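Notes to accompany the following structure.
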Amino acid sequence: MKERELVIVGGGPAAMAAAISAHESGVKDILVLERDQFLGGILNQCIHTGFGLNHFKELLSGPEYAQRFIEKITGIKDIEISLQSFVTNLNSDKELTYLRPGEMEEVRARAIIMATGCRERTREMIHVAGTRPAGIFSAGLAQKLINSEGLLLGQEIVVVGSGDIGLIMARRFTLEGAKVKAVVEIQKESKGLIRNVVQCLDDFNIPLYLSHKISKIYGKHRVEKVDVIAVDDNFNEVQNSRFEIECDTVLISAGLIPENELIEMAQVEMDKKTNTPVSDEINKTSVEGLFVCGNAFKIYDLVDSVTKDSIIAGEMAAEYLGYKK
Amino acid sequence: MQNKTYDIIIIGGGVVGCSIARELSKYNLKVALLEKEVELAFGVSKSNSGIIHPGTQTKAGSLKGRLCVEGNILIRKIAKELGIDFQEVGELIVAFSKDDIAKLEEIKIEAEKLGVKKMSIVDQSWLKENEPNLSKDVVGALFIPSAGIISPYRMTYDLSENAAKNGVEIFTDNEVKGIVVKKANDLEIMTTQRVLKTRYVINAAGLFADDISGMVGLDDFKITPRKGQEFLLDKKRENVVNHIIFPLPTKTSKGVLVIKTSDGNPMVGPTAQDVDDKEDLSTTDDGFKEVLSAVKQMIPSINDSDIIAYFSGLRPVAGEDFIIRHEASVPGFINVSGIQSPGLTAAPAIAKMVCSILQENGLTLIRKKDFKRYRNETTHLFKISKDKARKLIKENEGYGDIVCRCEMVSRKEIEEAIERGATTLDGVKFRTRAQAGRCHGGFCTTRILKILSEKLNVPITEITKRGKGSLIVKGKRAR
Chain A
10 MKERELVIVG GGPAAMAAAI SAHESGVKDI LVLERDQFLG GILNQCIHTG FGLNHFKELL
70 SGPEYAQRFI EKITGIKDIE ISLQSFVTNL NSDKELTYLR PGEMEEVRAR AIIMATGCRE
130 RTREMIHVAG TRPAGIFSAG LAQKLINSEG LLLGQEIVVV GSGDIGLIMA RRFTLEGAKV
190 KAVVEIQKES KGLIRNVVQC LDDFNIPLYL SHKISKIYGK HRVEKVDVIA VDDNFNEVQN
250 SRFEIECDTV LISAGLIPEN ELIEMAQVEM DKKTNTPVSD EINKTSVEGL FVCGNAFKIY
310 DLVDSVTKDS IIAGEMAAEY LGYKK
Chain X
16 MQNKTYDIII IGGGVVGCSI ARELSKYNLK VALLEKEVEL AFGVSKSNSG IIHPGTQTKA
76 GSLKGRLCVE GNILIRKIAK ELGIDFQEVG ELIVAFSKDD IAKLEEIKIE AEKLGVKKMS
136 IVDQSWLKEN EPNLSKDVVG ALFIPSAGII SPYRMTYDLS ENAAKNGVEI FTDNEVKGIV
196 VKKANDLEIM TTQRVLKTRY VINAAGLFAD DISGMVGLDD FKITPRKGQE FLLDKKRENV
256 VNHIIFPLPT KTSKGVLVIK TSDGNPMVGP TAQDVDDKED LSTTDDGFKE VLSAVKQMIP
316 SINDSDIIAY FSGLRPVAGE DFIIRHEASV PGFINVSGIQ SPGLTAAPAI AKMVCSILQE
376 NGLTLIRKKD FKRYRNETTH LFKISKDKAR KLIKENEGYG DIVCRCEMVS RKEIEEAIER
436 GATTLDGVKF RTRAQAGRCH GGFCTTRILK ILSEKLNVPI TEITKRGKGS LIVKGKRAR
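Protein sequences appear in the order of chains A and X.
Taking this note's numbering, I'd label the letters of the first sequence as residues 10 to 334.
Taking this note's numbering, I'd label the letters of the second sequence as residues 16 to 494.
Spelled out as structure tokens, the structure:
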């Protein structure tokens, strides 16, 4: 089994910041494992602006923000970047198995930083009854299909959830000529940034239904309509408040879940509710030398904050490996 | 419109129709199978719970009881021949009181009459050791070791693939619109795409068997859809149970179960509710609550946060028992209708019974000398040893290219599914499990769409979820 000093799993903003920072703190042997064909992670599909105000003091798009890190990291000889590399196993001795086209590799690391990001909550997780036709997308999937693949998904849209991704996608659909008929939020307030509520909904006259939920999806082949219903403070349905919205697309933007199935394999103590490592300190886990940063550690509002904390993760790994500050 | 003459035409591409097709493909016959959906197993079979029942909970004198016990034995051989993953996990029917134990004894006696073997009543200490997550309130259980699990859709696909290899012509997207009975053993079937002539028709049309039967003037049974809602748990809970867990059966169903599946994800359900609409596959909040509360009585540690997916299926109910018979008033027309539970288990035995019925009604069955009994297995990277996987990845780099991260499905497996007949997102999902995991396709749908588009050589805008109007994308952005 090959031995490496530091292995970083992930290739998004958290992984890149951690790798660069670990290198700057003295670590000489770093392997970055990214499962996609490119570095940059989800930033690649975030073509809107709003990134970099804190870190770069500039307003950048997602791909621009990512590009600055990609340029830096690919210029560092001590960092080996392995793309299309998918980790299948991790144990508490910090041994990893990963696959890439044509090879299965095994490596033992002295320290590991997991920067595996998060996944989206699904329609199933928020228990929406009804049928299962085509036309139901998670917001991130819709974003990828539209922004990265240049596809149009539908004409009449209902967005479930008013987190930032939901809001940004409501605007995105509108700009592509679709009609966003409603954004439906079960909470009393939007979970997204105020600037996004203003710039994505108010500016386009998209109605936001607070304290409402989608109770049922209709449609045999493709989505045909949804039931919307008001909820009270305890999220119980308000009688006689049900109404229908005809639509061909339902976008689910109901929150994010840190992806930590690998550290679970390594027996890391987990908080089952948040799917994150139990920790009293940022980026730490119950397994020594195994760190978690970025959205895998906790869900961040801004990528700039991910960068900030992931730089700390790189420093922590370096310190663990014996490099003095 | 084409005109062709067959010995036998099977209507319905579910597990029953495909079992019959494969059985008939052993003989020198001209056989076709018609399916109205764009892919096989898209009807009743896709939402089957995948249990190979031992034969308990069916009446001793019933046709379905006999076929179930026979099928439970036959399926083992078929699974070996076709490389289908069958696991004999055993089942437990649990009891919460002394009275319940008495009922278990009754079930045991009834099942013994049918020929079910090796059953025993087990006590709390046995259960504690062998089924540790079971509720402390369970005082005993009937243990039936011969129960097993299989993937209902993969079984259907594998049977059809082998049938096709042995000469059966399979026409998907061919809904039967009419049947003309010209004279005895001379029937003409009109589908949405073609006209076919045949000597025998086998009606295995599931929920629509009464409609098909009606086309030849028979109206002596009606299919009532009985909806079952099922809920899938995260693969992390794979070992929440070691057996299939049953409560005591009720009048209309076997109750809400905890089911191990061959995909790894345990499943809880189903509900049982008669509905009017043969296409009503909706799930309800009440169904969810009902299943969860029933399951928690048996396995208290199952929570709603474990549930990653849910779906509904419809059981094609036509009275108490299966209807499998040659219709004397329409010579050449054979009904295989009302095949509800335990239809998956019984399917291989039904196929043999249909062969006998055909023989009794004038068809000569001559065995093919070159019948190809075996099928090249599909490989799932995580069901084989590490060394074997390593070798495979070296030989074919596509195995090292993971597309679906939650279920760890490689590009090569998806390509192979398409080569074997998948044309839709659901078809890929049923065959490979890609998109069936905890993220529900959030990450991999884009790539699967592209692979489908490339392999099938159609624009991405024409790929559907499951055929007909279920288009995923509506167009391309103007550049």
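Backbone N, C-alpha and C define an ideal beta-carbon position, used for all residues, glycine too.
Here the structure is a predicted model, which is why all the values come from computation and not from measurement.
Arg132/A - DSSP class collapsed to helix/strand/coil: It is coil, neither helix nor strand.
Counted within 10 angstroms of its Cβ, other Cβ atoms place Arg388/X as buried (16 or more) or exposed: With fewer than 16 Cβ atoms within 10 Å of its Cβ, Arg388/X is classed as exposed.
Own chain, CB closer than 8 Å to Gly377/X, minus 5 neighbours either side, in chain order: Cβ within range, chain order: Asn200.
Residue-level contact to chain X via CB, Ile9/A, 9 Å cutoff: Within the shown structure, residues of chain A are numbered from 10 to 334, placing residue 9/A beyond reach of any answer.
Residues in the stretch 163-196 of chain A having any Cβ partner in chain X nearer than 8 Å: Taking a C-beta cut-off of 8 Å against chain X, the contacting residues of the stretch 163-196 of chain A are Gly163, Gln164, Glu185, listed in chain order.
Bridge-paired residues (DSSP) for Pro240/X: DSSP output for Pro240/X lists Pro331/X as bridge partner(s).
Cutoff 9 Å: Met25/A Cβ touching any chain X Cβ: Look at Met25/A: its C-beta is not under 9 Å from any C-beta on chain X.
Cross-strand partners of Lys149/X (DSSP beta bridge): The amino acid at residue 149/X is misidentified as Lys; the sequence shows Leu. Under the DSSP definition of a beta bridge, Leu149/X lacks any partner.
Chain A contact for His395/X (CB, 9 Å cutoff): With respect to chain A, the C-beta atom of His395/X has no partner C-beta closer than 9 Å.
Length-filtered (3 minimum) beta strand (DSSP E) runs lying within the stretch 401-489 of chain X: With a minimum length of 3 residues, the continuous beta strand (DSSP E) runs that stay inside the stretch 401-489 of chain X are 417-419.
Separation of Ala36/X from Leu97/X, as counted between CA atoms: Using only the alpha carbons, I get a separation of about 14 Å.
Span separating the alpha-carbon of Gln164/A from that of Glu410/X: When only Cα atoms are considered, Gln164/A and Glu410/X end up about 45 Å apart.
Cβ contact check for the stretch 223-240 of chain X and the stretch 69-83 of chain X: 3 or more pairs under 8 Å: Here the stretch 223-240 of chain X makes no contact with the stretch 69-83 of chain X; the two share fewer than three CB pairs at distances below 8 Å.
Chain A within 9 Å of Arg252/X, Cβ atoms only: No, Arg252/X does not count as interfacial toward chain A.
Identity of the residue in Met230/X, Glu342/X, Thr394/X nearest Val369/X by Cα: For Val369/X, the closest of Met230/X, Glu342/X, Thr394/X by C-alpha to C-alpha distance is Glu342/X.
Three-state secondary structure (DSSP) of His32/A: Helix.
Environment of Arg492/X [buried if 16+ CB atoms lie within 10 Å]: Counting of Cβ neighbours within 10 angstroms places Arg492/X among the exposed residues, the total staying below 16.
Residue span of the alpha helix (DSSP H) that contains Ala366/X, given as start and end: It spans 358-375 - the alpha helix (DSSP H) in which Ala366/X sits, taken as one unbroken run.
Cα-Cα separation between Gly442/X and Leu55/X, rounded to whole angstroms: Taking the straight line joining both Cα atoms gives about 9 Å.
Residue environment, Val16/A, which counts as buried when at least 16 other CB atoms sit within 10 Å: Val16/A is buried by the Cβ-count criterion.
Environment of Gly193/X [buried if 16+ CB atoms lie within 10 Å]: So Gly193/X ends up on the exposed side.
Any chain A beta carbon closer than 9 Å to Lys480/X: So, interface residue.
Residues from the stretch 84-101 of chain A in contact with chain X, defined by Cβ distance under 7 Å: The stretch 84-101 of chain A vs chain X, Cβ under 7 Å: Gln93, Phe95, Thr97.
Contact with chain A by Tyr168/X, beta-carbon distance below 9 Å: Not one chain A Cβ lies under 9 Å of Tyr168/X.
Where Met282/X falls, given that 16 or more other Cβ within 10 Å makes a residue buried: The residue is buried, with at least 16 neighbouring Cβ atoms inside 10 Å.
Cβ separation of Asn292/A and Ala327/A, assumed to be a contact under 8 Å, to the nearest whole Å: About 12 Å separates the beta carbon of Asn292/A from that of Ala327/A, a gap too long to meet the 8 Å contact definition.
Test item: CB-CB of Ile66/X and Ile217/X under 9 Å: With contacts defined as CB atoms closer than 9 Å, Ile66/X and Ile217/X fail to qualify as a contacting pair.
Nearest to Gln139/X (by Cα), restricted to the options Ser161/X, Phe111/X, Val131/X, Ser40/X: Residue Phe111/X is the option with its Cα nearest to Gln139/X.
Best match in Ile323/X, Ala126/X, Val473/X, Leu359/X for proximity to Ser62/X [C-alpha to C-alpha]: Checking every option, the nearest Cα to that of Ser62/X belongs to Leu359/X.
Glu184/X: first and last residue of the uninterrupted alpha helix (DSSP H) it sits in: Per DSSP, Glu184/X belongs to no alpha helix (DSSP H); it is in the beta strand (DSSP E), 184-186.
Proximity to Gln244/X [Cα-Cα], best of Met313/X, Lys74/X, Leu296/X: Of the candidates Met313/X, Lys74/X, Leu296/X, the one whose C-alpha sits nearest the C-alpha of Gln244/X is Leu296/X.
Presumed contact (8 Å Cβ cut-off) between Asp313/A and Leu62/A, rounded CB distance: The Cβ separation is near 7 Å, so the contact holds.
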